[in-house]
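The next block holds one structure in the form of structure tokens; read it before the comments.
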Amino acid sequence: MARRIAERARTVAGVADLTAGPRGRIVTFQAGPPLGGVAVRPDAVEIGIVARPVRRLPDIAADVRAAALPLAGDRAVHVLVGDLAEEGT
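Listed below in structure tokens is the structure:
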């Protein structure tokens, strides 16, 4: 589930990448390297994004939430804009 949510989040206009957040807590541990930027909890999914400031940040976050909701089951979806990408990235 976390990988599919990460893939969807990365397709949203204005998302440059995912981030584990300032304290590295938005992460899913799996076989191989951890997946930073998505944490699936029992009652919620957390998604950390690096945004391109090409649109309003609340609009980008809302679109990420909307993209993830169909995959989240009964969980709430919370989106953190953890950083802004530099122009041209």
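Just so you know, we're using this note's numbering here: the sequence shown kicks off at 1 and counts up by one. Glycine is no exception: its CB is placed at the ideal position from the N, C-alpha and C atoms.
Residue i versus the options, residue with shortest Cα-Cα distance
i	options	result
Gly12	Arg75, Glu87, Val50	For the record, residue 12 in the displayed sequence is Val; it is not Gly. Out of Arg75, Glu87, Val50, Val50 has the C-alpha closest to the C-alpha of Val12.
Ala39	His78, Gly14, Val15	His78
Leu57	Ala16, Arg8, Arg3	Ala16
Ala9	Leu80, Glu86, Ala67	Ala67
Ala2	Thr28, Val81, Leu18	Thr28
Gly82	Ala61, Leu71, Arg75	Ala61
Arg41	Ala76, Ala85, Glu86, Arg4	Ala76
Cβ-based burial, residue i [other Cβ within 10 Å; buried from 16]
i	result
Arg23	exposed
Val64	buried
Glu46	buried
Gly73	exposed
Arg55	exposed
Arg52	buried
Residue j beta carbon less than 8 Å from that of residue i
i	j	result
Gly48	Ala20	yes
Ile26	Gly14	no
Where the alpha helix (DSSP H) containing residue i begins and where it ends
i	result
Ala62	57-68
Range of the contiguous beta strand (DSSP E) that encloses residue i
i	result
Ala76	76-84
Ala9	Counting along the chain, Ala9 falls outside any beta strand (DSSP E), though it belongs to the alpha helix (DSSP H) covering 2-10.
Leu18	15-18
- Item | Within the region 22-53, ranges of the beta strand (DSSP E) (whole runs, at least 3 residues) | 38-40, 44-51
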